[in-house]
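Visitor: So the protein lines, in turn, are chains A and B. By the working numbering, the letter at position 228 of the first sequence is numbered 292, and the numbering carries on one by one without gaps. By the working numbering, the letter at position 134 of the second sequence is numbered 125, and the numbering carries on one by one without gaps. By construction, the Cβ of each residue, glycine as well, lies at the ideal position given by its N, Cα and C atoms. My structure is below; once you've seen it, I'll send some questions.
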Amino acid sequence: MITIAGSGLAGLACAYELARRGAEVTVYEKSARIGEGSVSRYAGGMLAPWCEAESAEAEVITLGSRALDWWARITPVVRRGTLVLAPARDRADLTRFAKRTEAHQVVDEARIAALEPELAGRFRTGLHFAQEGHLEPRKALTDLASRVKEMGVTLHLGTPAPAKVTLDCTGMSAPLPGLRPVRGEMAILHAPGVEISRTLRLLHPRIPIYLVPRGDHHFMLGATMVESSATCPPTLRALSELMNAAYTLHPGLAEASVVEVGAGLRPAFANNLPQLVWQDGTLFLNGLYRHGFLLAPAMATRTAEMLIPETENADHRERRTA
Amino acid sequence: MRLYDSEVTSRLLLGTAQYPSPQVLMEAIRASASEIITVSLRRETAGGSGAGFWELLQQLGARILPNTAGCHTVRDAVTTAHMAREVFGTPWIKLEVIGHSDTLQPDVFALVEAARILSDEGFQVFPYTTEDLVVGERLIEAGCEVLMPWGAPIGSGQGLLRRDGLRAMRAHFPDVPLIVDAGIGRPSDAAEAMELGMDAVLLNTAVAKAGDPVLMARAMAQAVEAGRAGFEAEPMERRDMGVPSTPVLGLAELM
Chain A
65 MITIAGSGLA GLACAYELAR RGAEVTVYEK SARIGEGSVS RYAGGMLAPW CEAESAEAEV
125 ITLGSRALDW WARITPVVRR GTLVLAPARD RADLTRFAKR TEAHQVVDEA RIAALEPELA
185 GRFRTGLHFA QEGHLEPRKA LTDLASRVKE MGVTLHLGTP APAKVTLDCT GMSAPLPGLR
245 PVRGEMAILH APGVEISRTL RLLHPRIPIY LVPRGDHHFM LGATMVESSA TCPPTLRALS
305 ELMNAAYTLH PGLAEASVVE VGAGLRPAFA NNLPQLVWQD GTLFLNGLYR HGFLLAPAMA
365 TRTAEMLIPE TENADHRERR TA
Chain B
-8 MRLYDSEVTS RLLLGTAQYP SPQVLMEAIR ASASEIITVS LRRETAGGSG AGFWELLQQL
52 GARILPNTAG CHTVRDAVTT AHMAREVFGT PWIKLEVIGH SDTLQPDVFA LVEAARILSD
112 EGFQVFPYTT EDLVVGERLI EAGCEVLMPW GAPIGSGQGL LRRDGLRAMR AHFPDVPLIV
172 DAGIGRPSDA AEAMELGMDA VLLNTAVAKA GDPVLMARAM AQAVEAGRAG FEAEPMERRD
232 MGVPSTPVLG LAELM
């Protein structure tokens, strides 16, 4: 029996990979509902390993490139790529972004208009990362919870985990040295007049933003990165910067209703990469930082392989004896 | 180099923002051998704390120079300085009062006023200023013992846009430590600032946003060292004509 503390993204992804390998799994979640206490509810839900590599270690590509297929088995994944843009005055940022990433195509004004007609005439050049996609984080998490329940995983909601568990996936609540919070602030917009079909990123030296379509003319606008443990709602400065940048991207967003604003703390280690750590007989999966949906599948696979290595080795043993 | 009551060996000061990760940042600072690092204390951290990040920085053992980056008013800058003193336990403050959000040019009027308030309160102020000599004088009257003129707008990487202004500043303030803050993009810019006789260089984006921040940090340290040595060694004068470096008299006549 494997016990997991936390039914956030990491906990549920691990439950899935463990159950898939035939393990008996019980998950404890102190919140009453799935996703309620999880920072992933504020995530963009971008599955964008190549874009992320601009500021992350190359490992993010290796670990993240199969995330789209993994999630597509569980929840709807939109595979329309990412369009990276910059205002004319910040072209240097686009050049830098192109230099530091791969798997993209340089697109001109006409191609941008073909991809996203409402952006026609607004940007002279951009980068299209055709292989990337996105999902709806809150739906993805509940879909994942339903799936693991179907697979026989026991899920105790509103129940704090026992003192000792096999696997701890409690994010910032975990007592791990070197884990720090990176605050992110976001907003959800409803813009009935705006048609955007893929994730857009607008580069800016101070306030880079992304806009992720959530369907039904809803858009997630994110996100700040502040080295802070503050859990208060977003600041006026953060929101005005995000929204100014969104307006630069598409003036039609000026008419959007701000449906929700939120702030969460991303758990991160010093290298901003996730880690699996043994501490006092418990395995901790933590530090997914801003790459939760992207890296949870690969990290859950690693976790499962660490906790039930026999399943992996079974094939080798058979081959050896054959 | 003496900055207020501290003796400092490294003439390269590094900022700590915009790195791909704290780990890269720490490796870059180690590679640069900087003894002073600047840390931004954004006001929105007030509700919580940036302790996780600051703890990592404190592991480096470098002296922390908190800054008031992003402040636009005297009041804002003074409040941020108070918070910084509390958090980092240092009287040092890099004083930035931004006058224009696009060029990030300092508001020198508010700067002088804030510098006076903070100096009177016992802070040791490092003001981010322009190369204007009168502003420099006012800052010194206000209590500043260091001046930090810009090379170019913050984050622009344009290098030194007003060399003559910096030269004049050096001549006008022969005994005040001058630190070029902002605008350095490449090692050659840093070396040039040092050759002009500046006492030190403060930079951030040029290292943080380089393809390999750690290698660039080392390159900047070498450039600063080379530029300073070049200044102290007193470069030769430039000439209009070529002058052979070997004697021409007494050579055998060629047919």
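Does DSSP classify glutamate 121 (chain A) as helix, strand or coil?
Guide: In the three-state reduction of the DSSP assignment, glutamate 121 (chain A) falls in the coil class.
Visitor: Whole angstroms are fine: how far does the CA of arginine 354 (chain A) sit from the CA of asparagine 377 (chain A)?
Guide: Below a pLDDT of 50, predicted positions are generally treated as unreliable, and asparagine 377 (chain A), at 49, falls in that range; the measurement from the model is reported next regardless. Rounded to whole angstroms, asparagine 377 (chain A) to arginine 354 (chain A) spans 33 Å at the Cα level.
Visitor: Helix, strand or coil for threonine 196 (chain B), going by three-state DSSP, please let me know.
Guide: helix
Visitor: Please say whether threonine 165 (chain A) and alanine 225 (chain A) have beta carbons closer to each other than 7 Å?
Guide: no
Visitor: Consider the Cβ of asparagine 336 (chain A): report whether some Cβ of chain B lies at a distance smaller than 7 Å.
Guide: yes
Visitor: Can you name the start and end residues of the beta strand (DSSP E) that glycine 316 (chain A) belongs to?
Guide: Neither: glycine 316 (chain A) is in no beta strand (DSSP E) and is coded neither H nor E.
Visitor: Distance cutoff 7 Å, beta carbons only. Does leucine 86 (chain B) sit that close to anything in chain A?
Guide: no
Visitor: With DSSP as the reference, identify every bridge partner of isoleucine 84 (chain B), one or two as the case may be.
Guide: B:Val116
Visitor: On the three-state DSSP scale, how would you describe glutamate -2 (chain B)?
Guide: strand
Visitor: Give every residue of the same chain whose Cβ lies closer than 6 Å to the Cβ of alanine 150 (chain A), excluding the five residues on either side of it in the sequence, and list them in chain order.
Guide: Excluding sequence neighbours, alanine 150 (chain A) sits near Asp157, Leu158 and Leu267.
Visitor: Would aspartate 93 (chain B) be called buried (16 or more neighbouring beta carbons within 10 Å of its own) or exposed?
Guide: So aspartate 93 (chain B) counts as exposed.
Visitor: Alanine 37 (chain B) by DSSP, collapsed to three states: which one?
Guide: Low local confidence applies: a pLDDT of 48 at alanine 37 (chain B) is under 50, so the model's placement there is unreliable, with the coordinate-based value given in what follows. Reduced to three states, the DSSP call for alanine 37 (chain B) is helix.
Visitor: Any C-beta of chain B within less than 7 Å: which residues of the stretch 219 to 246 of chain A qualify?
Guide: Arg244 and Pro245
Visitor: Which complete alpha helix (DSSP H) runs does the stretch 89 to 173 of chain B hold, if anything under 4 residues is left out?
Guide: 99 to 111, 124 to 133 and 154 to 163
Visitor: For glutamate 81 (chain A), which of helix, strand or coil comes out of DSSP?
Guide: Reduced to three states, the DSSP call for glutamate 81 (chain A) is helix.
Visitor: CB alanine 255 (chain A) to CB histidine 281 (chain A), shorter than 7 Å?
Guide: yes
Visitor: Where do the ends of the alpha helix (DSSP H) carrying arginine 76 (chain B) lie?
Guide: 65 to 79
Visitor: Any C-beta of chain A within less than 9 Å: which residues of the stretch 39 to 71 of chain B qualify?
Guide: Gly39, Ser40, Gly41, Ala42, Gly43, Phe44, Trp45, Glu46, Leu47 and Gly61
Visitor: At least one CB of chain B closer than 7 Å to the CB of serine 304 (chain A): is that the case?
Guide: no
Visitor: Below 6 Å CB to CB, which residues in the same chain sit around aspartate 232 (chain A) once its five sequence neighbours on both sides are set aside?
Guide: Ala69, Ala238, Thr346 and Phe348
Visitor: Does chain A have any CB closer than 7 Å to the CB of glutamine 14 (chain B)?
Guide: yes
Visitor: What does the alpha-carbon distance come out to for the pair alanine 362 (chain A) and arginine 155 (chain A)?
Guide: 34 Å
Visitor: Quick check: the Cα distance between valine 69 (chain B) and serine 102 (chain A), rounded to an integer number of angstroms?
Guide: 37 Å
Visitor: Please classify leucine 76 (chain A): does DSSP put it in a helix, a strand, or coil?
Guide: helix
Visitor: Comparing C-alpha positions only, which one of A:Ala327, A:Glu123 and A:Glu88 sits nearest to isoleucine 252 (chain A)?
Guide: A:Ala327
Visitor: Determine the DSSP secondary structure at serine 102 (chain A), reduced to helix, strand or coil.
Guide: Residue state, collapsed to three classes: coil.
Visitor: Does the stretch 330 to 341 of chain A come into contact with the stretch 299 to 306 of chain A, if we say contact requires no fewer than three beta-carbon pairs (one atom in each stretch) closer than 8 Å?
Guide: The stretch 330 to 341 of chain A and the stretch 299 to 306 of chain A do not touch, with fewer than 3 CB-CB distances between them shorter than 8 Å.
Visitor: Check the Cβ of alanine 120 (chain A) against every Cβ in chain B and list those closer than 9 Å, keeping chain order.
Guide: Pro11 and Ser12
Visitor: Valine 99 (chain B) and alanine 106 (chain B) - do their beta-carbons sit closer together than 7 Å?
Guide: No.
Visitor: Quick check on the DSSP output: what are the complete beta strand (DSSP E) runs of length 3 or more inside the stretch 271 to 345 of chain A, in order along the chain?
Guide: 273 to 279, 282 to 286, 321 to 332 and 339 to 343
Visitor: Should the stretch 205 to 219 of chain B be called in touch with the stretch 163 to 174 of chain B, which here means at least 3 C-beta pairs below 8 Å?
Guide: no
Visitor: How would you call methionine 160 (chain B), buried or exposed, if buried means at least 16 neighbouring beta carbons within 10 angstroms?
Guide: buried
Visitor: For chain B, find out if any of its Cβ atoms is closer than 7 Å to the Cβ of glutamate 116 (chain A); answer yes or no.
Guide: no
Visitor: Give a yes or no on whether 7 Å exceeds the smallest Cβ distance from glutamate 291 (chain A) to chain B.
Guide: yes
Visitor: Going along chain E in order, which residues have a C-beta closer than 8 Å to the C-beta of arginine 164 (chain A)?
Guide: Absent here is chain E; the protein component of the structure consists of chains A and B.
Visitor: Going by Cα to Cα distance, which pick from B:Leu151, B:Ala210 and B:Glu26 is closest to glutamate -2 (chain B)?
Guide: B:Glu26
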